[in-house]
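Numbering (this note's numbering), first residue to last: 4 to 85. Using N, Cα and C, we set each Cβ at its ideal position, and we do this for glycine too. Bear in mind the structure is a predicted one, so any value in this text is a computation, not a measurement. What follows is a set of notes on a single structure, which appears directly below.
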Ligand SMILES: [Zn+2]
Ligand SMILES: [Zn+2]
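What follows is the structure, encoded as structure tokens:
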């Protein structure tokens, strides 16, 4: 099951479970679409895997299977201002 991390690792933008612009890699490193496309070129900076749209968990499942609240923020890996 996906953890559904609550934010973008690059810019710390909130990405709630229903966010349509959340992108993840196979390890579920999580980014907003803006960072994934414009900063990262579609590749995860942590594992070099491809980033795909995160599926949206239906609202009625979130009560039983709640999203992660643990924020991961690693702007140094995101290729800006280096
Ligand atoms: Zn971002
Ligand atoms: Zn990754």
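Buried versus exposed call for residue i [16 or more other C-beta atoms within 10 Å across all chains shown]
i, result
"residue 27", "buried"
"residue 84", "Summary for residue 84: the model assigns pLDDT 47, below 50, so the residue's position carries little reliability, and this model does not support an answer."
"residue 74", "exposed"
"residue 25", "buried"
"residue 23", "exposed"
"residue 50", "exposed"
Start and end residues, alpha helix (DSSP H) containing residue i
i, result
"residue 22", "Where residue 22 is concerned, there is no enclosing alpha helix (DSSP H), given that its DSSP letter is neither H nor E."
"residue 64", "62 to 65"
Extent of the continuous beta strand (DSSP E) to which residue i belongs
i, result
"residue 35", "33 to 35"
Whole-Å CB distance - residue i paired with residue j, under 8 angstroms assumed
i, j, result
"residue 56", "residue 33", "Not quite, the Cβ-Cβ distance comes to about 11 angstroms (not below 8 angstroms), so this is no contact."
"residue 71", "residue 9", "6 angstroms"
"residue 53", "residue 45", "6 angstroms"
So does the region 36 to 45 actually touch the region 63 to 73, counting three or more Cβ pairs closer than 8 angstroms? no
Does the region 72 to 81 come close enough to the region 52 to 61 to have 3 or more Cβ pairs within less than 8 angstroms? Contact between the region 72 to 81 and the region 52 to 61 is absent, because fewer than three Cβ pairs lie under 8 angstroms.
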